[in-house]
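**Student:** Have a look at the structure that comes next, please.
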Amino acid sequence: MDPFLYFTLIVIAAIYLIMKTCIVVPQTYSFVVERLGVFRGALGAGFHFLIPIMDQIKYKQLLKEIAIDIPPQTCITKDNVSILVDGILYIRVMDPYKASYEIENFRNATIQLAQTTLRSEIGKLILDHTFSERDVINANVVRALDEATDPWGIKVTRYEIKNISPPKEILHEMEEQVKAERVKRAEITISEGEKLSRINRSMGERQEAINLSEGEKIKKVNEAEGKAKEIEFIAKAKAKGIQMIAEATGNEGGPEAVNLQITEDYLSGLGLILEKAKTTVLPTEMANIVGFFEGISKVTNKFPGLDGEKE
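Just so you know, we're using the working numbering here: the sequence shown kicks off at 18 and counts up by one.
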């Protein structure tokens, strides 16, 4: 045998043995090792030695959180509407041994389980609630998957619905419903504005009426106080005049002056009555006229000639 070929084979065999003996496990990975077909252990990150031929790495498990797309699937709601739903699932391998030996393909199994669980949750809700209760659906799916995948050494951390696609006719009806709701809210807003406007207007009118009545009240009070003061001044003036007249009657010619003043006031009042009256009534007999002046004479004692003529 060629020495060079022999040397080459020895080098290749040595390299193979070194590769099979010295193992470097990357960070966030776990290598499952079997010895003669039997589980020996899970190797963590770092440098490890294996027995060539006897030990072999059977599974390599990633310990990072894994995002798995859930393909779109048709789900039927409680009100018998078919919708297309897809999502994304987040899982993490917690036990490399269980993930390797308790399930054949934990990723595929988890996807199938997520789809069946989602169909079950969608079937409990009507179409409108599938949009408004996404968080509830996500939480229920995570709880159900976490319980189911625990024997596989898998931890389901999150599930998110990406899209909910109803049929076109249902989507059109929903758009019409949204338009109707917008019109309804607009009408309610307008009516509320009109209501507030009428309330404000009525309150303004009420306040205006109160202000006017208060002003009228103050005006009447002021007028009444003015009249009261006027009457008081007139009464004081009359009292003072009467007092002066009473003092004047004690002087010489005082009674005659009083009688004359009374006569003038009487004639002035009579003249005003005759001026304003529409019908003037005069005595038909001269005796009546004479009696009229005799009455005045008795009051004034200023017409003695008339008394003498009568006698």
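C-beta atoms are modelled at their ideal positions from N, C-alpha and C, and glycine is treated no differently.
By how many angstroms is the C-alpha of Ala203 removed from the C-alpha of Thr91?
**Tutor:** Numbered from its first residue, the sequence shown carries residue 91 at position 74. Numbered from its first residue, the sequence shown carries residue 203 at position 186. Spanning the two alpha carbons is a distance of roughly 36 Å.
**Student:** Does the distance from the C-beta atom of Arg14 to that of Met71 stay below 7 Å?
**Tutor:** A query on residue 14 cannot be resolved here, the shown segment of the chain reaching from 18 to 328 and no further.
**Student:** Just to confirm, are Gly11 and Lys115 a CB contact at a threshold of 7 Å?
**Tutor:** The structure shown does not extend to residue 11, since the chain is modelled only from 18 through 328, so no value can be given for it.
**Student:** Does the separation of the CB atoms of Gly104 and Lys172 fall below 7 Å?
**Tutor:** As a first step, residue 104 must be located in the sequence shown, where it is residue number 87. As a first step, residue 172 must be located in the sequence shown, where it is residue number 155. Cβ distance not < 7 Å, so Gly104 and Lys172 don't count as in contact.
**Student:** Is the beta carbon of Thr38 closer than 7 Å to that of Leu67?
**Tutor:** In the sequence shown, the residue the question calls residue 67 occupies position 50. In the sequence shown, the residue the question calls residue 38 occupies position 21. Yes, the pair counts as a contact, with Cβ atoms nearer than the cut-off.
**Student:** Have a look at Leu323 and Met261 and give me their C-alpha separation to the nearest angstrom.
**Tutor:** Stepping through the sequence shown from its first residue, residue 323 is reached at position 306. Stepping through the sequence shown from its first residue, residue 261 is reached at position 244. Any reading at Leu323 must be qualified, since the residue scores a pLDDT of 38, below 50, and its modelled position is unreliable; the value itself is stated next. Approximately 32 Å, taken between the alpha carbons.
**Student:** Which residue marks the beginning of the alpha helix (DSSP H) containing Ile115, and which one marks its end?
**Tutor:** Reading the sequence shown from its first residue, position 98 is the one you call residue 115. The sequence given here has Lys at residue 115, not Ile. Looking at the DSSP string, the run of the alpha helix (DSSP H) that includes Lys115 is Pro113 to Tyr118.
**Student:** Please report the Cβ distance between His65 and Val42, rounded to the nearest whole angstrom; I am assuming they are in contact, meaning their Cβ atoms lie under 8 Å.
**Tutor:** For this step, residue 65 is matched to residue 48 along the sequence shown. For this step, residue 42 is matched to residue 25 along the sequence shown. 6 Å between Cβ atoms; contact.
**Student:** Taking Thr134 as the reference, which of Arg124, Ile154, Tyr118 and Asn125 has the closest Cα?
**Tutor:** Within the sequence shown, residue 134 is the residue found at index 117, counting from 1. That would be Ile154, whose Cα lies nearest to the Cα of Thr134.
**Student:** Could you check whether the region 210-221 touches the region 138-157, counting it as contact only if at least three pairs of C-beta atoms, one from each stretch, sit closer than 8 Å?
**Tutor:** Too few Cβ pairs lie closer than 8 Å, so no.
**Student:** Would you list, in sequence order, the uninterrupted alpha helix (DSSP H) runs of no fewer than 4 residues that lie entirely inside the region 58-141?
**Tutor:** Segments of the alpha helix (DSSP H) lying fully in the region 58-141: 113-118 and 123-139.
**Student:** Please classify Tyr23 as buried or exposed, where buried requires at least 16 other C-beta atoms within 10 Å of its C-beta.
**Tutor:** To locate residue 23, count along the sequence shown from 1; it is residue 6. Classification for Tyr23: exposed.
**Student:** Quick one, are the C-beta atoms of Thr94 and Ile139 less than 7 Å apart?
**Tutor:** In the sequence shown, the residue the question calls residue 94 occupies position 77. In the sequence shown, the residue the question calls residue 139 occupies position 122. It is a contact, given that the beta carbons lie within the stated cut-off.
**Student:** Do you know whose CA, among Ser182, Ile108 and Glu198, lies nearest Glu164's CA?
**Tutor:** Counting from one through the sequence shown, the residue named residue 164 turns up at place 147. The shortest Cα separation from Glu164 among Ser182, Ile108 and Glu198 belongs to Ile108.
**Student:** Tell me where the alpha helix (DSSP H) around Thr147 begins and ends.
**Tutor:** The residue you call residue 147 lines up with position 130 of the sequence shown. Start and end: Leu144 to Ser149.
**Student:** Count the other CB atoms, across all protein chains shown, that sit within 10 Å of the CB of Tyr33; report buried if there are 16 or more and exposed otherwise.
**Tutor:** Against the sequence shown, residue 33 aligns to sequence position 16. Answer is exposed; the Cβ neighbour count stays below 16.
**Student:** In this structure, how does DSSP classify Thr206 when only helix, strand and coil are distinguished?
**Tutor:** Within the sequence shown, the letter at position 189 stands for residue 206. Helix.
**Student:** My guess is that Thr127 and Leu101 are in contact by the Cβ rule of under 8 Å, so how many angstroms apart are they, rounded?
**Tutor:** In the sequence shown, counting from the first residue as 1, residue 127 sits at position 110. In the sequence shown, counting from the first residue as 1, residue 101 sits at position 84. Between Leu101 and Thr127 the Cβ distance is about 21 Å, and since that is not below 8 Å, they are no contact.
**Student:** Helix, strand or coil for Thr174? Go by DSSP, reduced to three states.
**Tutor:** As a working mapping, residue 174 is identified with position 157 in the sequence shown. Residue state, collapsed to three classes: strand.
**Student:** Please report the distance separating the alpha-carbon of Gln129 from that of Asp96.
**Tutor:** Here the question's residue 129 lines up with position 112 in the sequence shown. Here the question's residue 96 lines up with position 79 in the sequence shown. Straight-line Cα distance between these residues: approximately 24 Å.
**Student:** Using a Cβ-Cβ cutoff of less than 8 Å, which residues in the same chain neighbour Thr174 once the five nearest sequence positions on both sides are dropped?
**Tutor:** As a first step, residue 174 must be located in the sequence shown, where it is residue number 157. Closer than 8 Å at the Cβ level, and outside the excluded window around Thr174, lie Glu82, Tyr107, Ile108, Arg109 and Val159.
**Student:** With a CB to CB cut of under 7 Å and the five nearest residues on each side skipped, what residues in its chain are close to Gly63?
**Tutor:** For the purposes of this step, residue 63 is taken as the residue at position 46 of the sequence shown. Around Gly63: Val42.
**Student:** Can you list the alpha helix (DSSP H) stretches of 4 or more residues lying completely in the region 201-246, in chain order?
**Tutor:** Segments of the alpha helix (DSSP H) lying fully in the region 201-246: there are none.
**Student:** For Met220 and Ile205, what's the separation of their Cα atoms in angstroms?
**Tutor:** For this step, residue 220 is matched to residue 203 along the sequence shown. For this step, residue 205 is matched to residue 188 along the sequence shown. Rounded to whole angstroms, Met220 to Ile205 spans 22 Å at the Cα level.
**Student:** Take Ile181 and list the residues in its own chain whose beta-carbon comes closer than 7 Å to its own, dropping the five residues that flank it on each side.
**Tutor:** The residue given as residue 181 occupies position 164 in the sequence shown. Only Ile100, Val102, Thr147 and Phe148 meet the Cβ criterion.
**Student:** Under 7 Å Cβ to Cβ from Lys257, same chain only, skipping five residues before and after it: list those, please.
**Tutor:** Indexing the sequence shown from 1 puts residue 257 at position 240. Counting only Cβ-Cβ distances below 7 Å, and skipping sequence neighbours, we find nothing.
**Student:** Whole angstroms is fine: what's the gap from Glu247's alpha carbon to Glu225's?
**Tutor:** Translated into the one-based positions of the sequence shown, residue 247 becomes position 230. Translated into the one-based positions of the sequence shown, residue 225 becomes position 208. Cα to Cα, the separation comes out at about 32 Å.
**Student:** Can you grab the Cα-Cα spacing for the pair Ala156 / Glu150, in whole Å?
**Tutor:** Walking along the sequence shown from the start, residue 156 turns up at place 139. Walking along the sequence shown from the start, residue 150 turns up at place 133. Each residue's Cα considered, the two are about 10 Å apart.
**Student:** Can you have a look at Phe48 and say buried or exposed, based on whether 16 or more other CB atoms are within 10 angstroms of its CB?
**Tutor:** For this step, residue 48 is matched to residue 31 along the sequence shown. That one is buried.
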